[in-house]
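Student:
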Amino acid sequence: MVFTGAHGKTDLVNAIPQQHPTAIGWNLRGLLAPRREASWHDDEVLCRGARAYVYGGVVRLDGPLITVDEQLDALWAIVQLTWRDGSLDAADALDALDQLP
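The sequence shown lines up with residues 294 to 394 when you count with the working numbering.
1. H313 to Q392, Cα distance in whole Å?
2. Over the uninterrupted beta strand (DSSP E) stretch that includes R353, give me the two end residues.
3. Between which two residues does the alpha helix (DSSP H) containing R377 stretch?
4. My output table needs one value for R322: the three-state DSSP class, helix, strand or coil.
5. What residue does the beta strand (DSSP E) around A384 start on, and which one ends it?
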């Protein structure tokens with residue numbers, strides 16, 4: 294999935310399983326770059342420098358969120374959690390990704 298303006302981070306979080314992309318990028322060049330790899334460690338997900346975890350049913354983030362790439366890393370970690378458990382509240386975590394539509 295690329296962020297062309299037709300879809301955004303909330304669409305990605307809410308995508309049904311048949312629509313889960315295998316990669317995300319800011320633009321088409323991003324899809325040619327090495328894929329973001331998310332790894333599970335207990336109840337948290339790591340993607341490059343981003344860490345997403347759940348506290349009290351709410352998705353939380355750790356890690357840098359300065360660049361678009363850092364925010365895409367965080368988003369990829371977030372969706373791994375929300376795709377596994379659709380009842381999680383990811384609103385604050387998504388709001389922190391202010392460079393992504």
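The beta-carbon is built from N, C-alpha and C at its ideal position, and this holds for glycine as well. Keep in mind it's a predicted model, so treat the numbers as computed, not measured.
Tutor: Put simply:
1. 21 Å
2. V351 to D355
3. V361 to R377
4. helix
5. First-last for A384: A384 to D388, but that is the alpha helix (DSSP H), not the beta strand (DSSP E).
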